[in-house]
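Take a look at the structure below.
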Amino acid sequence: MFIRTVFAALIAVAGSAAVALDDPQTVLQDPMGSGMWNYHQKGLLGDPADIRFDDRVVLRAPDSAEDSLNVPLLVDATAIPDVKRIVISADYGPIPHILTYYPEQAEPKLALRFKIDQATAIRASVETQSGSWHIGSTYIDAAGGGCTAPANAYASDDWEEKLGEVHGRLWSASGRARLVVDHPMDTGLADGIPVFIIQDLSLQTEDGTPLARLELHEPVNEDPAFTFYFDAGALPASVKVMGRDNNGNRIRGVLSEGELN
Amino acid sequence: MLTRRTTLGLLASLPLAPRAFAQARLSYDLTAKPLADGIWMVEGATEYFSMENGGAIVNVTLMKGDSGLILFDTGSSRRYGEALASLARSLDIRGISAVVNTHHHPDHFFGNQIFADRPIHALGGTRQAALDEGEAFADNMYRLLGDWMRGTEVVPPSDVIAGGELALDGRDFLALPLGGHTGADLALMDRRTGTLVAGDLVFYNRAPTTPSADIPRWQQALEALQAEKPALVIPGHGPADPTGASITQTRDYLGWLDGTLRAGARSGLDMVELMETPLPDRFAGMGAQPQEYQRSVAHLFPGIEREELPRGN
Chain A
3 MFIRTVFAAL IAVAGSAAVA LDDPQTVLQD PMGSGMWNYH QKGLLGDPAD
53 IRFDDRVVLR APDSAEDSLN VPLLVDATAI PDVKRIVISA DYGPIPHILT
103 YYPEQAEPKL ALRFKIDQAT AIRASVETQS GSWHIGSTYI DAAGGGCTAP
153 ANAYASDDWE EKLGEVHGRL WSASGRARLV VDHPMDTGLA DGIPVFIIQD
203 LSLQTEDGTP LARLELHEPV NEDPAFTFYF DAGALPASVK VMGRDNNGNR
253 IRGVLSEGEL N
Chain B
92 MLTRRTTLGL LASLPLAPRA FAQARLSYDL TAKPLADGIW MVEGATEYFS
142 MENGGAIVNV TLMKGDSGLI LFDTGSSRRY GEALASLARS LDIRGISAVV
192 NTHHHPDHFF GNQIFADRPI HALGGTRQAA LDEGEAFADN MYRLLGDWMR
242 GTEVVPPSDV IAGGELALDG RDFLALPLGG HTGADLALMD RRTGTLVAGD
292 LVFYNRAPTT PSADIPRWQQ ALEALQAEKP ALVIPGHGPA DPTGASITQT
342 RDYLGWLDGT LRAGARSGLD MVELMETPLP DRFAGMGAQP QEYQRSVAHL
392 FPGIEREELP RGN
């Protein structure tokens, strides 16, 4: 009887110790209650001490993903001062990290599209220059399969010719830059198709000063599409698009306030 | 006194109660509304698929033929097909003699299973699309409708028909092979009454759906339907329409939708911003809005944006 009690006590202690070891140093009350946030707080963000959920980080998205290969999301952290970067992630999915945005001279606000693999909480974790983290969340329902389907590009035989094709424009009066780059963005999870993704993408002035910078991961949609937001009138007459994929292909383009098609 | 037998008896009776409840709840209450001489319509809810409506959101038409009733579209599930078969027998003891699928969307042909021993007519493109996309549709329908879908299997149409004059079970039709809502949309004009079974080329007071849409082609199809001057239009969704206003409304909506998405692309808007755009009053009251508009942004915007934005390299 006594031995059994000791065993039970030992197991209880070991169990609670194990949980304590897994916890991040600052444990938050997840408003989404998704069960995975503690893990990502350590793995994705590096277990920062100065971290909180913050309603000022706004995620706008449909409640449900109509097309699991193209889920639109608009992250708005303009209410947070001195933003250094924004880590956008999905709690559930084979590859949680969607992208990291370094706004540089742009507003800390970004519209993007991504692939979703199942219903999940989506997060935007905003780090300020002083190293404090502010997290916003939303929840998107989905039928799933977005990360494991082959890219649509392979349904046509000219995808290689379109690789790296840039479409886009500036709207100086409203401070917008819109950019679409043709790329299959293969996640490596579809049978027999290795990872093939754009990794870096940035907007620069003609003399190479960075205006805004993105670090992309597998869940970004095929033919990535972004709206960048700047102060009205702050955009130069033309902006260079610079990027690179994991096979060494360079992406080069120029956006301007030119003629619409 | 609680004996072993009474206890077992009580336990055995427990699971019965919820099961009976579930069976009572998941039944379609279909009624056939007489429209013209020998024509009935089963009117669907002007909503999106839900556990509450069981997917009974589609209009189904029944017309008297020589040897039974001709059925236009079969609903969203095996159970719906069964309900249709018994409704048909209450109108004509011989039941369904022939079946038509207007197009390959699941709410229009997932009841086919019940009528698999009769000819099921459709355009060739509809048959092919049902073969190609049917299983993926079924996955999504099971997810949206759960137990309503129990036992439903995808049965594509069996008999391919072309356009022109067509006799089905002794009744004469003009078959119009069109497209735009999907790759192949069949509209049938009943020669006896001038009734047009429009399928989902026409919606009335219910937002048009666009997962397989080609809007310019759809607009041409609507023009062709208007030119036939039907005496009565039975839209795929929404009430029967003796005035042709349903065709005008569908054209107006599609024109507005295309224009709104193009204007959005030309001013640098993102999909989320477009989805949040309020609908004009004349469309805001349609069934399944604003969800259907938001779905349309997801379906159509990526393609439209590529057409509208200039090349940057």
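Line order of the protein sequences matches chains A and B. Residue numbers for the first sequence follow my numbering, beginning at 3 and rising by one. Residue numbers for the second sequence follow my numbering, beginning at 92 and rising by one. Beta carbons are placed, not taken as given, at the ideal position from N, Cα and C, and that holds for glycine. None of the values given here were measured: they were computed from a predicted structure.
For the region 164–182 of chain A, the set of positions with a beta-carbon nearer than 9 angstroms to some beta-carbon of chain B reads G166, E167, V168, H169, G170, R171, L172, W173, S176, R178, A179, R180, L181 and V182 in chain order. Sequence-distant Cβ neighbours of R115 (chain A) in its own chain, meaning closer than 8 angstroms and more than five residues away, are N72, V73, P74, L75, V222, N223, P226 and A227.
With 16 or more other Cβ atoms inside 10 Å of its own Cβ, S188 (chain B) counts as buried. The beta carbon of A63 (chain A) falls within 8 angstroms of a beta carbon belonging to chain B, placing the residue at that interface. For E68 (chain A), the nearest CB of chain B lies under 8 angstroms from its own CB, placing it at the interface with that chain.
With a threshold of 8 angstroms between beta carbons, A220 (chain B) makes no contact with chain A. A contact is defined here as three or more CB-CB pairs under 8 angstroms, and the region 78–92 of chain A meets this definition with respect to the region 122–130 of chain A. By the Cβ neighbour-count rule, M142 (chain B) is exposed, with fewer than 16 other Cβ atoms within 10 Å of its own. Of B:R402, B:I325 and B:R386, the smallest CA-CA separation from L277 (chain B) is found for B:I325.
CA-to-CA, the gap between R308 (chain B) and D263 (chain B) works out to about 27 angstroms.
Taking C-alpha positions only, D25 (chain A) is separated from G403 (chain B) by approximately 47 angstroms.
Contact annotation: L287 (chain B) and L316 (chain B) have beta-carbon atoms nearer than 8 angstroms.
Look at G359 (chain B): its C-beta is under 8 angstroms from a C-beta on chain A. Interface with chain B (8 angstroms Cβ-Cβ cutoff): R87 (chain A) is excluded. With 16 or more other CB atoms across the displayed protein chains lying within 10 angstroms of its CB, N203 (chain B) is buried.
Apart from sequence neighbours up to five positions away, the residues of its chain that approach R353 (chain B) with a beta-carbon distance below 7 angstroms are I395 and E399, ordered along the chain. Burial state of N150 (chain B) is buried, judged by a 10 Å Cβ sphere holding 16 or more other Cβ atoms. Here the alpha carbon of G172 (chain B) sits roughly 38 angstroms from the alpha carbon of V363 (chain B).
Within the region 238–262 of chain A, the residues whose Cβ lies closer than 7 angstroms to any Cβ of chain B are, in chain order, V243, R254, G255, V256, L257, G260, E261 and L262. The alpha-carbon separation between R178 (chain A) and G166 (chain B) amounts to approximately 46 angstroms. Exposure of S132 (chain A) is indicated by the presence of fewer than 16 other C-beta atoms within 10 angstroms of its C-beta. Taking a Cβ-Cβ cut-off of 8 angstroms, the neighbours of L400 (chain B) in chain A comprise H169, G170, R171, R180, V182, L262 and N263, given in sequence order. With respect to Y384 (chain B), G329 (chain B) sits apart: the two C-beta atoms are not nearer than 8 angstroms. Cβ proximity to chain A below 8 angstroms picks out R357, S358, G359, L360, D361, M362, V363, E364, M366 and E367 from the region 342–373 of chain B. Per DSSP, the continuous alpha helix (DSSP H) segment holding Y171 (chain B) begins and ends at R169 to L182. Put simply, of A:L216, A:T211 and A:E208 the residue whose alpha carbon is nearest the alpha carbon of I199 (chain A) is A:L216. Of the residues A:P110, A:E106 and A:N40, the one whose Cα lies closest to the Cα of R58 (chain A) is A:P110. Unbroken beta strand (DSSP E) stretches of 3 residues or longer found wholly inside the region 246–319 of chain B: 255–259, 262–269, 276–281 and 286–294, given in chain order. A distance below 7 angstroms between beta-carbons, with the five flanking residues on each side excluded, links S174 (chain A) to the following residues of its chain, in chain order: G235, L237 and E259.
Using a 10 angstroms sphere on the CB of D52 (chain A), the tally of other CB atoms stays under 16, which defines it as exposed.
If you compare the alpha carbons of B:D372, B:D281 and B:L292 with that of L269 (chain B), the shortest gap goes to B:L292. Taking a C-beta distance under 8 angstroms as the contact criterion, T137 (chain B) and D164 (chain B) do not qualify as a contact pair. Rounded to whole angstroms, the separation of the alpha carbons of P247 (chain B) and K86 (chain A) is 55 angstroms.
The Cβ-Cβ distance between S91 (chain A) and L30 (chain A) does not fall below 8 angstroms. The beta carbon of P393 (chain B) sits closer than 8 angstroms to some beta carbon of chain A.
The contact set of T122 (chain A) on chain B, defined by CB atoms closer than 8 angstroms, is empty, because the minimum CB distance reaches about 16 angstroms.
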